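Right, one structure below, let's go through it.
In the working numbering, the protein residues as written are 94 to 297.
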């Protein structure tokens, strides 16, 4: 029993029976709604974040520009280049070689130790000495010069003692421009070759 006197609320409550809360059972769709929301919303949020970071408003990124590559030469190409850069053959070298300048040296058959006498019959002072010096420069080692007072020959003539001296006489004649060569043992008693200079030689 309560220590307080009964009032009108107590009387009203006494007339009521016990009452409970009744809830209807939840539907399957409402029960699965949170899971469906997670499955749908999370991928959308992830896609939006990626698009925002990429800064392309959801458009696919463009393909990167193609990279140019330089092809290395094959072994065959290298072999062809090395073949083309080979040194020319001996035949090609001979064709490209310029001919040697003509020299005033006598032929190999000429004997440079042959005794030679240059006789000045042209009446020009120092002519025999000049010709003797020219023969010395050509390699002849035994050359002398003197005056000549006889009346023959009339033209410049080169006398040689015998046939063994023919090659040497021809070499001297080619060197000095004398083409009148005579084999005459009697004219070359003291020397092996005697060259008589006349006035026609001075104009050469």
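We put the beta carbon where it would ideally sit given N, CA and C, even for glycine. Fair warning: this is a prediction, and the values are worked out from it, not measured in the lab.
Tell me, to the nearest whole angstrom, how far the beta carbon of residue i is from that of residue j; I am working on the premise that it is less than 8 Å.
i: residue 209; j: residue 235; result: 6 Å
i: residue 253; j: residue 281; result: 7 Å
i: residue 272; j: residue 266; result: 6 Å
i: residue 239; j: residue 221; result: 7 Å
Starting from residue i, trace the beta strand (DSSP E) in both directions and tell me its first and last residue.
i: residue 205; result: Where residue 205 is concerned, there is no enclosing beta strand (DSSP E), given that its DSSP letter is neither H nor E.
Per the DSSP calculation, residue i is bridged to which residue(s)?
i: residue 287; result: 210 and 252
With residue i as the anchor, note down where its alpha helix (DSSP H) starts and where it stops.
i: residue 216; result: Looking at the DSSP string, residue 216 is not in any alpha helix (DSSP H), and its letter there is neither H nor E.
Quick one: what's got a C-beta closer than 6 Å to residue i's C-beta in the same chain, skipping five residues either side?
i: residue 288; result: 211 and 251
i: residue 285; result: 207, 208, 254 and 258
i: residue 293; result: 248 and 249
i: residue 243; result: none
i: residue 274; result: 251, 262 and 266
i: residue 237; result: 210
i: residue 291; result: 214, 215, 248 and 249
i: residue 137; result: none
i: residue 202; result: 260
i: residue 295; result: 215 and 217
Skipping 5 residues on each side, what residues in its chain have a beta carbon closer than 8 Å to that of residue i?
i: residue 223; result: none
Leaving out five residues before and five after residue i in sequence, what residues of the same chain have Cβ atoms less than 7 Å from its Cβ?
i: residue 230; result: none
At 3 residues or longer, what runs of the beta strand (DSSP E) sit wholly inside the segment 232 to 283? 236 to 240, 250 to 253 and 274 to 276
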